[in-house]
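Protein chains in written order, with my numbering: chain A, 1 to 342; chain B, 343 to 821. Beta carbons: idealized from backbone N, C-alpha and C, even for Gly. Bear in mind the structure is a predicted one, so any value in this text is a computation, not a measurement.
Next comes the structure, spelled out in C-alpha cells:
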C-alpha cells in the first residue's frame, strides 16, 4: 500500500509533465541530466535513489496496477493523477526519507548496526557465531568500534540498547515501519526475517515493506546527536559530493575559468551536454553564479511566466519570453528553490 | 601426541576422524598428497591443522565463491584472524586491504581465475608458502562433472621451489585421480582413499506418475520428521512447494539464487538454528550449511550426475543417525535433466560469433554482457577456442555432450539397479562389504524403521512488537 501511495504521490508532484518511467529512474537514482534536474525542479530530493536495486519489471507491475485501478492515467507518454488518485493519497505522508543524502549508503550503517547487535546478542550468551555480514570492511569497522567502546562492559551494552530504543522511539514513522526494521536484525537464536516472511507476517507487499524499511532507516539517521553510540556507526555515510562524475569534471574546468564552449571542446562533448552539467550545478549549488549567463531582469521574467502558466515546459515558457534561450530557461528553472511543496 | 594436542587446543576435538591423521602426517612429512574423503567428513581440517604447525602461508585454491566465503567464516569462528580470500568479487576497498596485508595471512584463499594474472603470480612467488591446497581437485579433470579449465594453470603458477601440494576431493574416481596427479605435476603423490559409503544414509527411489508427484512428496513430509531439504530443478517449483508446505503448517521456506544475499543468509541461519524444519531449494542451497541433524533429502528430479547426487544426499545424517534420501522419478524426468545439462554447452552459432568477435578485434566476453551466452558457456568456449583450432571445437563440444549424457545415464543406471548403495560404491571402484538393514529401496526398505513420525507443532508466533524484539536480541543485565 505504502509503495502504491508513494508512486501516485510523486506523479502528483510531476504534475502531468513526465512519463511512466520517471519515478523508476528517480527511485533507482539514475545519474542523467534529466532525472537530476527534475529532482530540483519538482523538489524530489527525499526520493532520489531510495531503492538502487529496484527491477524494472517490479516497478512496472506496480505502475500497471495503478493504471488499472484508475489512480493514474497515461496519455501519450505523460502520466496524470486522476481524481480517484488524489483521493487515494489524501493525507499521505511519505515520512522522513532523505535519498539525496544517502543514495544507498544507509545500508552501510544498517550492516554495521546489524553486526553490532548480532555480536552483543551472542556475547551476552557466551556463544560464538557466523556473522550475517561477511564484508571485510564492515567487519573491521565494527571490530574497532566495539573495541574502542569496551563492549565487554555491561555498561556499554546497556547504554547501547537504551540509546537504540530511545532513538527508534522518537523516529517519526509508523509503528509498522519500526517493526519491519527490527525484523531485519539478527541475534542469538533469532534470525532476521526475509521480505517474503515479513509479508506473510505483517500483510503488506514486499516493495512497500522495503520502502518502509528505508524510511525508518533514514528517519533514524536524521537525528543522531543525542545517541552518540549510534552516531559513531554512521560515519562517512552521507554523500558530501553531489555532482555526478562528469559534471564534476565540467565544474572544475569552469572554476579554472574556461567558458562553456571551451569546456565542450576540451572534453570532446556536445555543448548541450555541458549545458546539462551547468543546469545540474545551478540546481545543487546555491552559490552558482547564474548571472554570468543572464541578467536579473531576464531571470525574473522567466520565473514570472513559469509561475503564471504553472508550467515547467521549456517550449511554453520560450513562447512567452522570446529573448531567452532554452539554456537560460533551464538554468532559471533549475535554480528555483522556493517551492509550493515545502 | 602433539597432533592431538593441537586438535584439542585449536579445534576442540578429542580425536581425529577416519583418515584425517594419516593425511596430515603425510603433509607434515613434506609429501605431495591426495585425499578422497566423503562429504561432511572434515576435509578442511586436513589443511587447517597443519597451518598451525608450520610457518608461513597456507594457500588454498577453491573453485566456488560461496565455498570460499564459508571456509573463511569457519576459520574466523575458530578465532583465526589471519585469514582472507582473494577473488574477483571483492569490493575495491576489500581487495586493497587483502593485497596490502597479503604476506601476513596464515590462510589465504584464492579463486583459480586469479592465477591468470601475472601480478598475482609474482606475488605468490614472494610469499613464504607452507602448503598449497587444491580443493575440489576433481575440477582439474576434463572427465569431471564440473571441469574448470583454470585449474590447469595451477602447476605453472606455483614457484619452482614449492611446498607440498594437498589435493582434496569427495568425488574423484580413480581415472580423475590420475588426472589430478598429472596436471598438478605431483611428485611421488601419496594417495589416501576412504570409503564414500555412508552407512547411515538409506537410499530410496519412488516411481510416480507426473500428476501425483507433488502430493506424494507432501505426504511424506507430513508423515515423517525433518529437518530436511527438498531439491527441485526450478526456482518457481521451490517457491510452490514451500507455499504448499506452509499451508499444511510445516515450518519451511524456499531458497534459490534469485533472492537477495541477506535473505539467503537469513534462511540459512533459520534452518541451522532450528527455526525452520524444511527448505525447498534449487541446488544453490547447501554449500556451507553445516547442519548435523538433517534427516531427509528429497529430490523431485534426477540430478545431472553421480557426484552431484552424492554431494546433495551427503548433507543428510552428519550426526551419524539414520537418514532417508528419496528421489521421486517420473518417466520424463530423464530427458528433462538431459535438456538442462545441455543448456550450457556452446552451439555452432555461438562458436561462429566468438570467432567473429575475436577476428574483428572485439572482446569476446561481450557475448556474455550482450546476453548471447551464459557465463558457464563462455568459460568452456573461451578455453577450447584458445587451445584448439576453431574447426575442432564443435567436435570437442559434441564430446562434452556425450560425456554429460553418459554421466547422467550412469546415475540413472545406479538408481534403477539391484542395489543403489552397491552401484554408488562401484562407481568409485569400491565393493559393498557389509549388509545394512533397510539399505535401499531396491534391497527393501521400511521408512518407519528409519525415521520417526512427524509431530505436528504449532508454529510459534514470534512477537513483532519492535521494543520486545530489541529486548530479546539484547537482553539487559539483571542488576
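On the DSSP letters alone, give me the boundaries of the beta strand (DSSP E) that residue 388 of chain B sits inside.
Unbroken run through residue 388 of chain B is the alpha helix (DSSP H), 387 to 393; no beta strand (DSSP E).
Where do the ends of the alpha helix (DSSP H) carrying residue 557 of chain B lie?
Here the alpha helix (DSSP H) through residue 557 of chain B covers 555 to 565.
How do the stretch 461 to 469 of chain B and the stretch 494 to 510 of chain B stand: do at least 3 beta-carbon pairs fall below 8 Å, yes or no?
With a cut-off of 8 Å, the stretch 494 to 510 of chain B and the stretch 461 to 469 of chain B count as touching, because enough Cβ pairs lie within range.
Taking only three categories from DSSP, how would you classify residue 696 of chain B?
Helix.
Just checking, does the stretch 247 to 265 of chain A make contact with the stretch 198 to 217 of chain A on the three C-beta pairs under 8 Å criterion?
Counting Cβ pairs under 8 Å, fewer than three are found: no touch.
Less than 9 Å between the C-beta atoms of residue 293 of chain A and residue 327 of chain A, yes or no?
It is a contact, given that the beta carbons lie within the stated cut-off.
For chain B, is any of its Cβ atoms less than 9 Å away from the one on residue 207 of chain A?
Not closer than 9 Å to any Cβ of chain B, the Cβ of residue 207 of chain A fails to qualify, so no.
Out of A:27, A:100, A:29, A:37, state which residue places its alpha-carbon closest to the alpha-carbon of residue 313 of chain A.
The residue with the shortest Cα to Cα distance from residue 313 of chain A is A:37.
Residue 144 of chain A touches chain B at which residues, Cβ-Cβ below 9 Å?
Those within 9 Å of residue 144 of chain A in chain B number zero; the least Cβ separation is about 13 Å.
Can you tell me which residues form a DSSP beta bridge with residue 549 of chain B?
Answer by DSSP bridge pairing, in chain order: B:671.
According to DSSP, residue 535 of chain B sits in a beta bridge with which residue or residues?
Bridge partners of residue 535 of chain B: B:378.
Hey, residue 108 of chain A and residue 239 of chain A: beta-carbon distance below 9 Å or not?
Contact: no.
Closer than 9 Å, Cβ to Cβ, to anything on chain B: give me those residues from the stretch 189 to 221 of chain A, in chain order.
Of all residues in the stretch 189 to 221 of chain A, 189, 190, 191, 192, 193, 194, 195, 196, 197, 198, 200, 201, 202 have a Cβ within less than 9 Å of some Cβ in chain B.
Would you call the CB atoms of residue 402 of chain B and residue 164 of chain A closer than 9 Å?
No.
What does the alpha-carbon distance come out to for the pair residue 589 of chain B and residue 817 of chain B?
Rounded to the nearest angstrom, the two C-alpha atoms are 34 Å apart.
What are the residues of the stretch 343 to 356 of chain B that lie near chain A, defined by any Cβ-Cβ distance shorter than 8 Å?
Those residues of the stretch 343 to 356 of chain B that come within reach of chain A (Cβ to Cβ, closer than 8 Å) do not exist; the list is empty.
Give the straight-line distance between the Cα atoms of residue 766 of chain B and residue 521 of chain B, rounded to the nearest whole angstrom.
One C-alpha to the other measures close to 21 Å.
Flag residue 179 of chain A as yes if its beta-carbon sits less than 9 Å from any beta-carbon of chain B, otherwise no.
Cβ-Cβ to chain B under 9 Å: yes for residue 179 of chain A.
Taking C-alpha atoms, which residue in B:601, B:586, B:741 lies nearest to residue 620 of chain B?
That would be B:586, whose Cα lies nearest to the Cα of residue 620 of chain B.
For residue 808 of chain B, decide whether its Cβ has a neighbour in chain A, counting only Cβ atoms nearer than 9 Å.
With 9 Å as the cut-off, residue 808 of chain B counts as an interface residue toward chain A.
Is the separation between the beta-carbon of residue 451 of chain B and that of residue 390 of chain B shorter than 9 Å?
Not in contact: residue 451 of chain B and residue 390 of chain B (Cβ atoms no closer than 9 Å).
Beta carbon of residue 508 of chain B, beta carbon of residue 475 of chain B: below 9 Å?
In this structure, residue 475 of chain B lies closer than 9 Å to residue 508 of chain B by Cβ.
Run through chain B and tell me which residues come within less than 7 Å of residue 235 of chain A, C-beta to C-beta.
Chain B residues near residue 235 of chain A: none, gap ~14 Å exceeds 7 Å.
For residue 481 of chain B, which residues of its own chain have a beta-carbon under 7 Å away from its beta-carbon, when the five flanking residues on both sides are left out?
Cβ within range, chain order: 405, 488, 489, 490, 493.
Starting from the beta carbon of residue 136 of chain A, find every residue of chain B whose beta carbon is closer than 7 Å, and list them in chain order.
Here the neighbours are 436, 439.
Just verifying my parser: in three-state terms, what is the DSSP assignment at residue 255 of chain A?
Helix.
Can residue 246 of chain A and residue 268 of chain A be called in contact, C-beta distance under 9 Å?
Contact flag unset, no.
Residue 124 of chain A CB to nearest chain B CB: under 9 Å?
Judged by the 9 Å Cβ criterion, residue 124 of chain A is in contact with chain B.
Check whether the stretch 686 to 705 of chain B and the stretch 555 to 570 of chain B touch, using three or more Cβ-Cβ pairs below 8 Å as the test.
Too few Cβ pairs lie closer than 8 Å, so no.
Between which two residues does the beta strand (DSSP E) holding residue 474 of chain B run?
From DSSP, the beta strand (DSSP E) with residue 474 of chain B extends over 471 to 476.
Could you name the residues of the same chain whose beta carbon sits closer than 8 Å to that of residue 752 of chain B, not counting the 5 residues immediately before and after it, in chain order?
Hits under 8 Å: 647, 648, 769.
For a test of the three-state rule: what should DSSP assign to residue 713 of chain B, helix, strand or coil?
The answer is coil: DSSP assigns residue 713 of chain B none of H, G, I, E or B.
Taking the alpha carbon of residue 409 of chain B as the reference point, which residue from B:428, B:422, B:666 has its own alpha carbon closest?
Closest by alpha carbon: B:428.
I need the DSSP call for residue 99 of chain A, collapsed to helix, strand or coil.
It is helical.
Name, going along the chain, the residues of the stretch 404 to 437 of chain B whose beta-carbon falls closer than 7 Å to a beta-carbon of chain A.
Answer in chain order: 411, 415, 419, 433, 435, 436.
With a 10 Å radius around its C-beta and 16 neighbouring C-beta atoms as the bar for buried, classify residue 306 of chain A as buried or exposed.
Answer is buried; the Cβ neighbour count reaches 16.
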